[in-house]
Amino acid sequence: MMKRFNFNSATKAMLGAGLLSLLLTACGGSDGKDGEDGKPGVVGVNIDATPTLKADFTNATVEAGKVTVNFTLENANGVAVLGLTKDHDIRFGIAQLTHVTVATDDPAKPADRGFQWQAYINDKKAPGTVPTGVDNLNPSDQYQANVEAAAKCDSCLVDHGDGSYSYTYQANIANVTEPLTITYSADATQRATLELELPQVTANAHLDWQPSTGKTEGIQTRNVVSIETCYTCHQPESLALHGGRRIDIENCASCHTATSGDPESGNSVDFTYMIHAIHKGADRNTVDANGAPLAAPYKIVGYGGKVIDYGKVNFPQKPAADCTSCHLEGVNAPANADLFKADLSNTACIACHTEKPSSNHSSTDCVACHNATEPYGGTGSAAKRHGDVLKAYTDAEAMSVKFTNVGANNTGKITFDVQVVDKDGNAVEKAFVSQSSRVVVAWDSDKDYPSDASASYSKRRIALNEGTYNEVSKTYSLTGTNFNLPADANGKTFELFSTLDVCFNNGGYGVAAVIMTDCSAANVRKVAVKETPYHFVWKDNGVDSSATAKNRREIIDAAKCQGCHNQEIHHYDNGVNCQTCHTSDKGLKTDTNYPGGKIPTSFAWKAHEREGHYLKYAGVQSGTVLKTDCATCHTVDKSNVITGITLGRAPTRTWRFGDMANNGADIWISSDTGTCLSCHQKYLSDTAKSHIETNGGILNGSSAADVQTRASESCATCHTPTQLSEVHGN
Numbered sequence: 002m003m004k005r006f007n008f009n010s011a012t013k014a015m016l017g018a019g020l021l022s023l024l025l026t027a028c029g030g031s032d033g034k035d036g037e038d039g040k041p042g043v044v045g046v047n048i049d050a051t052p053t054l055k056a057d058f059t060n061a062t063v064e065a066g067k068v069t070v071n072f073t074l075e076n077a078n079g080v081a082v083l084g085l086t087k088d089h090d091i092r093f094g095i096a097q098l099t100h101v102t103v104a105t106d107d108p109a110k111p112a113d114r115g116f117q118w119q120a121y122i123n124d125k126k127a128p129g130t131v132p133t134g135v136d137n138l139n140p141s142d143q144y145q146a147n148v149e150a151a152a153k154c155d156s157c158l159v160d161h162g163d164g165s166y167s168y169t170y171q172a173n174i175a176n177v178t179e180p181l182t183i184t185y186s187a188d189a190t191q192r193a194t195l196e197l198e199l200p201q202v203t204a205n206a207h208l209d210w211q212p213s214t215g216k217t218e219g220i221q222t223r224n225v226v227s228i229e230t231c232y233t234c235h236q237p238e239s240l241a242l243h244g245g246r247r248i249d250i251e252n253c254a255s256c257h258t259a260t261s262g263d264p265e266s267g268n269s270v271d272f273t274y275m276i277h278a279i280h281k282g283a284d285r286n287t288v289d290a291n292g293a294p295l296a297a298p299y300k301i302v303g304y305g306g307k308v309i310d311y312g313k314v315n316f317p318q319k320p321a322a323d324c325t326s327c328h329l330e331g332v333n334a335p336a337n338a339d340l341f342k343a344d345l346s347n348t349a350c351i352a353c354h355t356e357k358p359s360s361n362h363s364s365t366d367c368v369a370c371h372n373a374t375e376p377y378g379g380t381g382s383a384a385k386r387h388g389d390v391l392k393a394y395t396d397a398e399a400m401s402v403k404f405t406n407v408g409a410n411n412t413g414k415i416t417f418d419v420q421v422v423d424k425d426g427n428a429v430e431k432a433f434v435s436q437s438s439r440v441v442v443a444w445d446s447d448k449d450y451p452s453d454a455s456a457s458y459s460k461r462r463i464a465l466n467e468g469t470y471n472e473v474s475k476t477y478s479l480t481g482t483n484f485n486l487p488a489d490a491n492g493k494t495f496e497l498f499s500t501l502d503v504c505f506n507n508g509g510y511g512v513a514a515v516i517m518t519d520c521s522a523a524n525v526r527k528v529a530v531k532e533t534p535y536h537f538v539w540k541d542n543g544v545d546s547s548a549t550a551k552n553r554r555e556i557i558d559a560a561k562c563q564g565c566h567n568q569e570i571h572h573y574d575n576g577v578n579c580q581t582c583h584t585s586d587k588g589l590k591t592d593t594n595y596p597g598g599k600i601p602t603s604f605a606w607k608a609h610e611r612e613g614h615y616l617k618y619a620g621v622q623s624g625t626v627l628k629t630d631c632a633t634c635h636t637v638d639k640s641n642v643i644t645g646i647t648l649g650r651a652p653t654r655t656w657r658f659g660d661m662a663n664n665g666a667d668i669w670i671s672s673d674t675g676t677c678l679s680c681h682q683k684y685l686s687d688t689a690k691s692h693i694e695t696n697g698g699i700l701n702g703s704s705a706a707d708v709q710t711r712a713s714e715s716c717a718t719c720h721t722p723t724q725l726s727e728v729h730g731n
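Numbering follows my numbering, in which position 112 of the sequence shown is assigned residue number 113; successive positions increment by one, without gaps.
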């Protein structure tokens, strides 16, 4: 049998070279010299085919006002990306970090406003189509920072053939007089930006450098907030703005400058102003000429004349904006992370508080009084004033709630003692504890808590003023008189959830310190003591000290909730334990804005559907928080796999919804189906309904018992956690 041999190209080349050598030798040899080795070919991937892309500036120069930048393109594996041309959608920006001072009444003492970015490329734009019937729009001509497109220049972009490129700006930064005069300084920090948007991927890059020295390190910077901090609440893809082309915060900051505005609304789009105004959301107010409160939501008019009303943003500011939510300091923080403490600019102040935040203010020069060096008497710096509001919450967080003597009286009602304890372990005086604040009792807290039918939340809560108080031990003795313990209590995991409040003064003008205050005083602030619920196993008439309380499977990550929310989420602000009251079968609430006029009050519905969360289809409809990304709230394991959305875990659970086609009449929904409907009820197609019912789901139960009798859900067979994550954009 003939043997077959397969030769690769290298082997064939070697054999060919050997055979040629023999032939030449046979012909009498050769005195010719071997040719020089050829240059190795470039290893790369074509720009139109790469699914990943990274752009990096390598250096920049300025000669006679003409800026030239060098940059590289690579894929995620570090392989050169080849073939970029001017006809790809690539644009470049250029800005200078300028030291800004403002004249004051004393010519010898101009106000220092720190360093701010100023773009060299600007346009002046007149208002386009201005929507009618919209409040707070003041159309006017505005300057807008811009970038330049490489496509407008035939020779500016140079391809070096190895994944490296050069670009010479069309703008001459040494001669900028229109529409704004920008004075170039070789000693000032300059920032070049790049935006490259392909059909399949987008890349941004920036380079900060000092032209006089060529330095990129040890120069003046203004890097205040990291984009990673934004991702605490926002999904990365939701912050791909301007049609998806701008994804780096450095590119945003150098284009959204102090001279930039929105012509249709007349509002500034300066980055500092815009971000603070947006996130003040529904709480942004001013006063009218008579000093009466007046809503002042931040609005801009987008492409096509669409009004974007950020007054619908529900980013929780209460009790006040916690600057450290965004301005994170410490390890790996931006170089200027502490700049917010410098009190150099009014921009952030008036963005949140508006140009005239109250009738007590006649000036918009906030930092003239609120500064860290020479504050006007009684005011303190901005950091102190925000800190005054938050200090009560910090102090309350150091306190604790102590439960003892849990048992049952002779009528079968639960009894227990409770104290509020300060950071040193001492019981807090009655005068400082709100007597109307409550403890909530629950059982089956390792599952889904008591059904609303067997023991409603309103009956399971016990106020301090319903019990007795021991003056000596500073202890409250409480009895759950409005509900019965379950007949099968033995072996069940119980929970005592504290919503107890401690009272503090409000801080403010002239207040030296924020301290605990008698609750009977006027205008006190009531702050919940942060304490995890007390879990225990019931046996006979009290706690089974030999048994370990079971834990509910982790569904949401409470730390993620706190990452977006401030100290006050809604009410009973002791952490995130909403599900102890807002059970799946809790009653409906009238809401004329919802189809049918009634909404569920279950925790899942509130977390998924309410305007503050479901921003893609509700509220501001901006899409900047894609709550369809389950990892935003749900738990993930060490491999970043979402573990908190497993279907099929509670087949007997039922949900109460309002019938959208029947004036919100009660309908009962099966377990997994109800979870899905907490987002999708308003958007459920007939096809989806048929799919649910075919697979054992109940959409129209007449009662909880009816659902439990008929339901036979098989959702978990196909809808694994991984599949659900993929469907919802993870």
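Here a beta-carbon is modelled for each residue, glycine too, at the ideal position from N, C-alpha and C.
Taking its Cβ as the centre, do 16 or more other Cβ atoms sit within 10 Å of residue i, making it buried, or is it exposed?
i      : result
Asp124 : exposed
His100 : exposed
Glu196 : buried
Cys716 : buried
Asp136 : exposed
Ala109 : exposed
Cys327 : buried
Thr203 : buried
Ser459 : exposed
Pro200 : exposed
Gly245 : exposed
His161 : exposed
Tyr121 : buried
Arg192 : buried
Asn7   : Confidence at Asn7 is low in this model, with a pLDDT of 39, below 50, so the placement of that residue should be treated as unreliable; the coordinate-derived value is given next. Its Cβ having fewer than 16 others within 10 Å, Asn7 is exposed.
Thr178 : exposed
Cys719 : exposed
Gln211 : buried
Thr12  : In this prediction, Thr12 has a pLDDT of 40, which is less than 50 and means its spatial position is unreliable; what the coordinates show is noted afterwards. Answer is exposed; the Cβ neighbour count stays below 16.
Pro180 : exposed
Taking the continuous alpha helix (DSSP H) assigned at residue i, which residues delimit it?
i      : result
Glu196 : Segment 191-198 is the beta strand (DSSP E) holding Glu196; no alpha helix (DSSP H) there.
Ser672 : 672-681
Ser691 : 687-695
Tyr595 : Counting along the chain, Tyr595 falls outside any alpha helix (DSSP H), and DSSP gives it neither H nor E.
Lys460 : 458-461
Cys504 : No alpha helix (DSSP H) holds Cys504; the beta strand (DSSP E) holding it covers 502-505.
Arg711 : 705-711
What residue does the beta strand (DSSP E) around residue i start on, and which one ends it?
i      : result
Leu497 : 494-499
Gly659 : 655-659
Lys737 : What is shown of the chain runs 2 to 731, which leaves residue 737 out entirely.
Thr63  : The amino acid occupying residue 63 in the given sequence is Val; Thr does not appear at that position. 55-64 is the extent of the beta strand (DSSP E) around Val63.
Phe537 : 535-540
Gln143 : 143-146
Leu98  : 90-103
Tyr470 : 469-471
Gln119 : 112-120
Ser478 : 476-480
Ala81  : 81-83
Thr69  : 67-75
Assuming the contact rule is C-beta atoms closer than 8 Å, residue i and residue j should be a hit. Round their C-beta distance to whole Å, please.
i      : j      : result
Val419 : Val544 : Val419 to Val544, Cβ: 14 Å. No contact.
Glu532 : Ser671 : The pair is not a contact, with the Cβ atoms about 35 Å apart (cut-off 8 Å).
Tyr311 : Gly282 : 6 Å
Gly347 : Ile301 : Note on identity: in this sequence residue 347 is Asn, with Gly being the wrong assignment. So it is not a contact: roughly 20 Å between Cβ atoms.
Gln580 : Phe604 : 4 Å
Asp687 : Thr584 : Incorrect: roughly 30 Å between the Cβ atoms, too far for contact.
TODO: Mind listing, in chain order, the continuous alpha helix (DSSP H) runs of no fewer than 4 residues lying wholly within the stretch 368-435?
DONE: 383-398
Task: Inter-stretch contact (C-beta, 8 Å, three-pair minimum) for the stretch 240-257 and the stretch 363-383 - done: no
TODO: Output the residue ranges of the beta strand (DSSP E) runs that lie fully inside the stretch 169-243 and measure 3 residues or longer, sorted by chain position.
DONE: 191-198, 203-210
Open item on the list: Please give the ranges of any alpha helix (DSSP H) in the stretch 291-366, keeping only runs that are unbroken, at least 4 residues long and fully inside the region.
Closed with: 348-354
Open item on the list: Check whether the stretch 465-484 and the stretch 510-518 touch, using three or more Cβ-Cβ pairs below 8 Å as the test.
Closed with: no
Open item on the list: Quick check: the stretch 623-636 against the stretch 524-542, are at least 3 beta-carbon pairs closer than 8 Å?
Closed with: no
Open item on the list: I'd like to know if the stretch 655-663 and the stretch 597-604 are in contact, where contact means that at least 3 CB-CB pairs between them fall below 8 Å.
Closed with: yes
Task: Three or more C-beta pairs below 8 Å linking the stretch 432-440 and the stretch 499-508 - done: yes
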